[in-house]
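Asks:
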Amino acid sequence: MRPLKLGSCPDSWGVWYADDPRQIPWSRFLDELAVAGYRWLELGPYGYLPTDPEELAEELEARGLRCAAGTVGGVGGPHRNFREVVAETRRVAELTRAAGGQNVVFVPVPGYRDDATGGYLEASELGPEQWRALLDNTTVLGRILAEEYGLRLRFHPHADYQVEYQPQVERLLDGTDPRFVSLCLDTGHLAYRRADVLGLIRKYPERVGYVHLKQMDPVLAARAEAEDLAFAQAVTLGVSVAPPAGAPDVPAVLAALGDLDADLFVVVEQDMYPVDFDVPLSIATRTRRYLEETGVFA
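When we follow my numbering, the leftmost residue of the sequence shown carries the number 12, and every step to the right adds one.
1) Tell me which same chain residues have a C-beta within less than 7 Å of the C-beta of W37, skipping the five on either side of it?
2) Please specify which runs of the alpha helix (DSSP H), each continuous and at least 4 residues long, are wholly inside the region 82–141, giving them in chain order.
3) Our contact map puts T107 next to L67 with C-beta atoms below 8 Å; I'd like the distance itself, whole angstroms only.
4) In terms of DSSP beta bridges, what is R205 paired with?
5) Give me whichever residues DSSP pairs with A8 in a beta bridge.
6) What are the partner residues of M283, as DSSP defines its beta bridges?
7) Identify every run of the alpha helix (DSSP H) within the region 167–244, keeping only runs that are complete inside it and at least 4 residues long; order them along the chain.
8) From what residue to what residue does the alpha helix (DSSP H) around L303 run?
9) Run the CB neighbour count on T100, radius 10 Å, all protein chains shown included, and call it buried at 16 or more, exposed below.
10) What are the boundary residues of the beta strand (DSSP E) that L17 is part of?
11) Going by C-alpha distance, which of R91, Q226, E238, V264 is nearest T305?
12) Might you give, ordered along the chain, the residues of its own chain that have their beta carbon closer than 6 Å to the beta carbon of R33, omitting 5 neighbours on each side?
13) Which of helix, strand or coil does DSSP assign to A80?
14) Taking the continuous beta strand (DSSP E) assigned at W6, which residues delimit it?
15) Looking at C-alpha atoms only, which residue of R204, R163, R213, V174 is the closest neighbour of S193?
16) What are the boundary residues of the alpha helix (DSSP H) that V46 is part of?
17) Among the candidates V115, P56, E158, whose CA atom is the shortest distance from the CA of A80?
18) Determine, using beta carbons only, whether L292 and I212 come nearer to each other than 9 Å.
19) Keeping to the same chain, check which residues put their C-beta closer than 7 Å to that of S23; ignore five residues upstream and five downstream.
20) So, helix, strand or coil for V252, using DSSP?
21) Since H169 and G122 should fall inside the 8 Å C-beta cutoff, what is the C-beta to C-beta distance between them, to a whole number of angstroms?
22) Whole angstroms are fine: how far does the CA of R297 sit from the CA of M283?
23) So G84 packs on P56, CB below 8 Å; how close in whole Å?
24) Does the beta-carbon distance from A233 to R124 come in below 9 Å?
25) What does a CB cutoff of less than 7 Å around V118 pick up in its chain, not counting 5 residues either side in sequence?
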C-alpha cells in the first residue's frame, strides 16, 4: 500500500462561503488546523483565506501548513454560465499554483435547490443537451487547468446537483477525457445518495485523483430523503458525522485507496455549517488521531 497524505479544510470548521459572519475567522481556522495536527489543507471558498499570494504563503508557512488544492465553488455546474465558471476557475488556479498546490477541486454549487428554503431552483435531472454541455465543458475546464496552469481538475459530485447518484457519476467519468478530468471522491456525498463507494474505486481506479473523506448518518440521510429535505437542511440535523460513526466504512475505503498505488490526498471534511466556533477543533483533533492510527498515512 502506498501511504496517503492527510489534510483538512475550512469545511470542517463550518466554512461554506467566502464571507459570512457565522463562520470562524480565517486566522483562527489556520491556527486551529495546525494545533489539530494537520499539515496539508485545501483552501476552501475563494476569498475566505487571503487571496494575495505572498500573504497566503506567509500565513501558511508561519503555521507549517502546505496547500493540497484550491477549491472552485459558488458558480454552479459547468452545464451553465460556463464563461463565469472559467473565470472563477482561473482565479482559483492562479492562487493554487502560487501556493504550491497541484489540484483544483470543482464543487458544482449552487445546485438545483436553495440551501435555506429547500425550494427547487431547476430540474433535478439534466436533459440530453445539458448533459452534453456538462461533459464537454468539464473536459475543456480540465484542459485549461492542465495546459495553462499545470494543475489537475478533480470533479466533486455533490448532493442537490445533477451529478450526485452513482449512475450520474459514472456517466460523468465515461463521458469526459481521462487526461484532463478525474474524480474528487467525496465519500460522504456518495454515501448520502447510497452509492457503492468501494465499487466506484474498483471500477475507476485511474480516475480517483483526490479524496474528501466524510461520513454520513444513514438514518438521518434516509429521513432527509423521506422528507424531501435539501442537503443543507440535512446538515443542520447533523447528517454529517465524524469517523467512525457513519457510512461508508472508513477502514475499508482507506484500504481500497491504498491499493491504488497512487499519490492521493485524503482531505477530512465534516459539514457543520453553521457551528459554534468552539466546536470544530476537538472534533478535528480526534478525527486526525483516529485516522493516523489506521497506519495508512505518510
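For every residue, glycine included, the Cβ atom is placed at its ideal position computed from N, Cα and C.
Replies: Working from what's here:
1) Same-chain partners within the cutoff: Y59, L60.
2) Within the region 82–141, the complete alpha helix (DSSP H) runs of at least 4 residues are 93–109.
3) A Cβ-Cβ separation of about 10 Å leaves T107 out of contact with L67 under the 8 Å criterion.
4) Partner(s): none; R205 has no beta bridge.
5) This structure leaves residue 8 out entirely; the chain is present only between 12 and 309.
6) Beta-bridge pairing links M283 to no other residue.
7) Look at the region 167–244 and you find these whole runs of alpha helix (DSSP H), each 4 residues long or longer: 177–186, 198–203, 208–214, 229–237.
8) What sits at residue 303 in the sequence shown is Glu, not Leu. E303 -> alpha helix (DSSP H) spans 291–303.
9) That one is buried.
10) 16–19 is the extent of the beta strand (DSSP E) around L17.
11) In terms of CA proximity to T305, V264 leads the group R91, Q226, E238, V264.
12) Hits under 6 Å: P285.
13) For A80, the secondary structure class from DSSP, reduced to helix, strand or coil, is strand.
14) Absent from the structure is residue 6, since the part of the chain shown begins at 12 and ends at 309.
15) Nearest option by C-alpha distance: R163.
16) Taken as a continuous stretch (DSSP letters only), the alpha helix (DSSP H) holding V46 covers 37–46.
17) Closest by alpha carbon: V115.
18) When the beta-carbon positions are compared, L292 and I212 stay at least 9 Å from each other.
19) The answer, listed in chain order, is V279, E280, Q281, P291, A295.
20) Assigned with DSSP and collapsed to three states, V252 falls in strand.
21) The Cβ separation is near 6 Å, so the contact holds.
22) For M283 and R297, the distance between alpha carbons rounds to 16 Å.
23) The pair is a contact, with the Cβ atoms about 6 Å apart (cut-off 8 Å).
24) Going by C-beta atoms, A233 is not nearer than 9 Å to R124.
25) Residues T82, V83, G84, H167, H169 of the same chain have their beta carbon placed closer than 7 Å to that of V118, with the five preceding and five following residues left out of the count.
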